[in-house]
Each structure stands twice: as structure tokens, then as C-alpha cells.
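Chains A and B are the protein sequences, given in the same order. Heads up: take any position in the first sequence, counting from 1, add 345, and you land on our numbering. Heads up: take any position in the second sequence, counting from 1, add 345, and you land on our numbering. Before any comments, here is the structure.
Protein chains: 2
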Amino acid sequence: MSHTPDMTQAESATIGSGPTKRRTRRSPTLQEKPSVGVDVVIFTVIDSDLKVLLAKREGQPFKGVWSLPGGLVRVRNSGDQGEGIEQAAHRELSEATGLTPGSCFVEQLYTFGKAGRDPRGRVISVAWIALVSPDQGRAIHPGDQGDAQWFSTHEEIPWMRLAFDHAEILDTAVERIRGKLDHSNIAFELVPETFTVAELRDTYEAIKSRTYDARNFRRRFQRMIGEGVVTEAPGKRHRGKARPAKIWRLQR
Amino acid sequence: MSHTPDMTQAESATIGSGPTKRRTRRSPTLQEKPSVGVDVVIFTVIDSDLKVLLAKREGQPFKGVWSLPGGLVRVRNSGDQGEGIEQAAHRELSEATGLTPGSCFVEQLYTFGKAGRDPRGRVISVAWIALVSPDQGRAIHPGDQGDAQWFSTHEEIPWMRLAFDHAEILDTAVERIRGKLDHSNIAFELVPETFTVAELRDTYEAIKSRTYDARNFRRRFQRMIGEGVVTEAPGKRHRGKARPAKIWRLQR
DNA sequence: CCAATAGTGTCTTTGAGACAATATGAC
DNA sequence: GTCATATTGTCTCAAAGACACTATTGG
Chain A
346 MSHTPDMTQA ESATIGSGPT KRRTRRSPTL QEKPSVGVDV VIFTVIDSDL KVLLAKREGQ
406 PFKGVWSLPG GLVRVRNSGD QGEGIEQAAH RELSEATGLT PGSCFVEQLY TFGKAGRDPR
466 GRVISVAWIA LVSPDQGRAI HPGDQGDAQW FSTHEEIPWM RLAFDHAEIL DTAVERIRGK
526 LDHSNIAFEL VPETFTVAEL RDTYEAIKSR TYDARNFRRR FQRMIGEGVV TEAPGKRHRG
586 KARPAKIWRL QR
Chain B
346 MSHTPDMTQA ESATIGSGPT KRRTRRSPTL QEKPSVGVDV VIFTVIDSDL KVLLAKREGQ
406 PFKGVWSLPG GLVRVRNSGD QGEGIEQAAH RELSEATGLT PGSCFVEQLY TFGKAGRDPR
466 GRVISVAWIA LVSPDQGRAI HPGDQGDAQW FSTHEEIPWM RLAFDHAEIL DTAVERIRGK
526 LDHSNIAFEL VPETFTVAEL RDTYEAIKSR TYDARNFRRR FQRMIGEGVV TEAPGKRHRG
586 KARPAKIWRL QR
């Protein structure tokens, strides 16, 4: 960053200060500022289905339309300068879900800043992904008053119209977690504290929209056991009238 | 995005509008705005070494300190709302290098928005990665007046102090291209229009800071030939007094 | 015994890494 | 011929995909 933000009207600010031989020097014009927001794509897996939390907009524009939870970053230009953008994301997540900040996985997704994406004025939005465990997910809005709700990314979302460019943000988010699924441990964020191999596999299938061969999947899981990534937990879990499964937990 | 930006003093803006049962409703307080900038991490490979373009800061703070090229996004809150953030990145890239916008690979890296990262006031910076081919890279600042310069990421950068949080941004950028190297075609952006297998391998080695077995690397390359990713180009290239190598080019 | 899911094992293919031998052109 | 690099090929191992079989429970 080598910008010179326009702090006060009094300051004679120069816009930018990079390598400037070829740069057009601008007179001390004050650069107008955009609003900066955060939008959080909150995922969970319930009933072997990848779901996202949407909120119904209360004001114009897009009043009554479903949208990603989000809000403006709280900023000050003096003193402590307000909250960081990551902090803002955690705050919005917390407000949307009631979960205590820091209780689930949050990662920055992408920043959306095309001109015109908000009709009211220039808004640049830093989008985040949050992964909420099924336990927590089911607890959220157990029949809310209709202002926030889980939607299936496979059944409902494709047919919905979302506010602003939120459809694009959501698409980007789904692609991101799909891409990371096989090369990271994010799946464990979308599974209960203790889980069976089949439950973990269901989660993989929900995210990827494909099936995994149970036997090959188990082999991958064996490797994780060998590496000490997961450990057996006490108890068994029954599914129907069949043989019960062992219980596992992530080794933190 | 479901924020309500503070457009005018007259408007009764509500901060945010997510799922709000638990949200604290704020009176129509106007949210202060941050400045939003773009910083571009411009890479090239010269002499089998990964280099980054830095600019010497002309003003306070960090006057005289090397920093990433960057500047503020040009924004308006009425009319066309100004330039998009990607457009701003291309503009900064163009200003720093003299290259025509769109002539090289640009991808968003990450957005840095901790409070206090700029002592002058709240600045949120969207960082970008640009990859410049050696041909273009060598042409840039062929002995400039010292305000912009290529630095070796392996030799010089580790010992330098950079302005703001630019060291962190640069680290993130290097990690990113290292991570993408083996799963994408970005290496071809850091190689001349036509190249030999050895040159491509040198580029891989420069980025990853490791050696690749020439024979195994060639096998990977063979696969790319089979997939039609690369095609043989006319001519041969000599390196020393040894056997000349075939020339290849990326199949766009 | 039967139904249904849990768990184990085999065969094959693909790609990565280690390593040896041959080909070609400058000198 | 010699030197230096280009190019081809072999062997081994790790991991993924396809697929068959045994184990354990409820009924």
C-alpha cells in the first residue's frame, strides 16, 4: 500500500505515490471513498445436504429478497481506526447465527468491487466463508420468525433470485470449498464433534455433489488414522437395523 | 451485500440489515468510510530468479522505503461510481510498468484490512498478483531513475524492510503462486512466448526454490504435449556449446 | 435366517521420484 | 573426439478407482 488516504480536508493529499515517472500527477483532489462491507457465506451440512444461511432483506433495495448476511465494516479514521475486516466478518457471523465469535471456521473468500454492484452508491464487499457444524447449524433458527433460514444449495438456491451480486459470491464460495475439500481438513468443520466414517463421507458427497466409493473413501480415512489426524472415540453409532459404526474425532 | 451505505447525510441509513433478531439496531448514525486501495505484487523471472517490482516511496510515511506499487481506487458515489477494483489494479500495474493494461496475467490475492495498518487513517487494501513475462520484465526500467526496481525474492527481499504491511502481502503472494504452480498453467506467464523445456523448468525452480529432476519434469511436459496444452514451435535454441533444444509455445 | 450397513482386501492404473543410458551439436 | 546439454527410458512407490468379500447387528 502506497496510497495517501485523504485524511482531512486540510491535508494536501496526493493520490497514490507508486513508481511515478509515467504517472499522471494529480492535484490535491480529495478522493471520494467507498463504503466497505463484509458478506458471509455461512455453510452447514444438514441431512447430508450442503446448506447456506440467507437473510431476508428488510430495506430497499431488494426489499424482501434473500441475501447473504452482511454489513458495513465499522471504521474510524482517528484513534484505533475501528474494527479489522476479519473482526467485522466474525461480528456479522455472530449476529446472523447467535454463535459466539471464534467458535467456527472463518476464511476470507474474495473481494467484490465492481462499480454499480450496489445501486445506492459505491460499496466494496469483502466476502468470507464460515463453516458451521451440523450441531450448531441445527440449533440456528429452530423455526425463526422468517428473517433467516437455511437453504439447500442443490435444491432451492439454483432457482432463487438473490440480492445484489450475491449469487456470484455464493457460486465462488461453493467452488472454493469444493476445491479445498480434498487438500485440507475443512470437511471436519461440517461434521459433528464425533462422527462415523459414513457421516464424513456423506459430507464429502454433499459438498462435491458426487458419490465416493465407500471402500476407497475408507482407505483414505485409514491413512488419516495412521497420520494421527483422527482418533477413535468411545461408543458406537447405529444407523437403522444394521451393524453399528465406530466413532471418531478430529485430533486437534 | 446487504449493507446500507451512507449515501448522503439526508438519508436515514441503517447499518447493515442481515438477519437481525439478535442484532442491535443502531440509530441513523453515519458510518465513517475507509479509503480503499489496491497493491500489486508484480512478479517476473529473470536469470532464473523470481523477482518482484518495488517502488520507492516519495512521501510520508515510510518516505524512501521500498513498497509495493499501489494507489487508491477511484470512486464516485454518484453516476457510474468510478472504476472497479480489478480495473484499478490494472491501472496501477500499467502505471508501474508502462505495460498496456490486459497484457499480462492479473489475479486477486487477498484483502488486507487490519485496523492501524496505515498510520494516517483507515485504509483497506485489495492486493493483486501480476505475472510479467521475462521479455516484458527485462524491458521495464532499463536503468530507471531509481524509483522502481526489480528485487530478487531470494537474495534481497529477505533482508529488506518494506513499508506498511507489504512484507506480509509479499509473503502471501509468494505462497499463493507456489501453491498454484503445480495445479495450473501460471508458469507459462513467466516464460517467454516460446521456450524450451529447460527454461520452463528453471522457472518452476525459481518459484519453488527447489530443483526438479530434469527427466521427471520432462515426463510431465510430455503429458502436456499429449493434452495439446503446448505445441512445438519452429527453430531451436542453443545453450552453450551443447545440443540445441526444441522450442515450444503454449497453445492458447 | 434375512436385511442392511460396517469393515477388509485385491487388482489395476496413474503419476511422482530416483536413477542410467543414448543423442546431438559446438569446439 | 570431447564436452555439455537434450532426450528417451526403467524401476519403484504412493494413491486413486473399480470391484468382491466378510463381519456384525436388529428383526
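Every residue, glycine too, gets a C-beta built ideally from N, C-alpha and C. Given the structure is predicted, the values throughout are model-derived calculations rather than measurements.
Would you mind sorting residue i into buried or exposed? The rule is 16 or more other CB atoms within 10 Å of its CB.
i, result
"HIS486(B)", "buried"
"LEU454(A)", "buried"
"PRO406(B)", "exposed"
"THR445(A)", "exposed"
"THR556(A)", "exposed"
"TRP504(A)", "exposed"
"ILE522(B)", "buried"
"GLY466(A)", "buried"
"GLY424(B)", "exposed"
"GLN426(B)", "buried"
"GLN376(B)", "buried"
"THR576(B)", "exposed"
"LYS581(A)", "exposed"
"GLU500(B)", "exposed"
"ILE570(B)", "exposed"
"ALA532(A)", "buried"
"ALA484(B)", "exposed"
"GLY409(B)", "exposed"
"ARG584(B)", "exposed"
"SER554(A)", "exposed"
"ASN422(A)", "buried"
Could you tell me whether any non-hydrogen atom of the ligand NAD is closer than 7 Å to the CB of residue i?
i, result
"ILE485(A)", "The model on display carries no ligand, and the ligand NAD is accordingly not part of it."
Using beta carbons (cut-off 8 Å, strictly below), is residue i in contact with chain B?
i, result
"ASN422(A)", "yes"
"ASP425(A)", "yes"
Residue i touches chain B at which residues, Cβ-Cβ below 8 Å?
i, result
"GLU428(A)", "ALA460"
What is the residue span of the beta strand (DSSP E) that residue i lies within?
i, result
"LYS581(A)", "575 to 582"
"GLU428(A)", "Premise fails: GLU428(A) is in no beta strand (DSSP E) and is neither H nor E."
"LEU515(A)", "Here LEU515(A) belongs to no beta strand (DSSP E); instead the alpha helix (DSSP H) covers 511 to 526."
"GLU452(A)", "450 to 457"
"ARG594(A)", "590 to 595"
"ASP394(A)", "394 to 401"
"GLY482(A)", "No beta strand (DSSP E) contains GLY482(A), which is instead part of the alpha helix (DSSP H) from 479 to 484."
"ILE391(B)", "380 to 391"
"GLN494(B)", "493 to 497"
Any beta carbon from chain A within less than 8 Å of residue i's own beta carbon?
i, result
"ARG419(B)", "yes"
"PRO373(B)", "Legend: pLDDT at PRO373(B) = 46, less than 50; position of this residue unreliable, value from coordinates given subsequently. It does not; no Cβ of chain A falls within 8 Å."
Interface residues of chain A around residue i at Cβ under 8 Å?
i, result
"ASP392(B)", "In chain order: nothing, as chain A lies at least about 21 Å away."
How is the alpha helix (DSSP H) around residue i delimited, first residue to last?
i, result
"LEU476(B)", "Note, LEU476(B): premise wrong, no alpha helix (DSSP H); beta strand (DSSP E) at 468 to 476."
"LYS553(B)", "542 to 553"
"PHE407(A)", "That residue, PHE407(A), is in no alpha helix (DSSP H); it is neither H nor E in DSSP."
"ASP463(B)", "Neither: ASP463(B) is in no alpha helix (DSSP H) and is coded neither H nor E."
"PHE559(A)", "Residue identity check: residue 559(A) is Ala in the sequence provided, not Phe. ALA559(A) -> alpha helix (DSSP H) spans 559 to 571."
**Report entry** Residues, ordered as in the chain, of the stretch 445 to 474 of chain A that lie near chain B by beta-carbon distance below 8 Å
**Finding:** Listed in sequence order: GLN453, TYR455, THR456, PHE457, GLY458, LYS459, ALA460, GLY461, ARG462, ASP463, ARG465, GLY466, ARG467, VAL468, ILE469, SER470, VAL471.
Query raised in the report: Along the stretch 375 to 386 of chain A, what residues have a CB closer than 8 Å to any CB found in chain B?
Result: Considering only beta carbons, the part of the stretch 375 to 386 of chain A lying closer than 8 Å to chain B consists of GLN376, GLU377, LYS378, PRO379, SER380, VAL381, GLY382, ASP384, in chain order.
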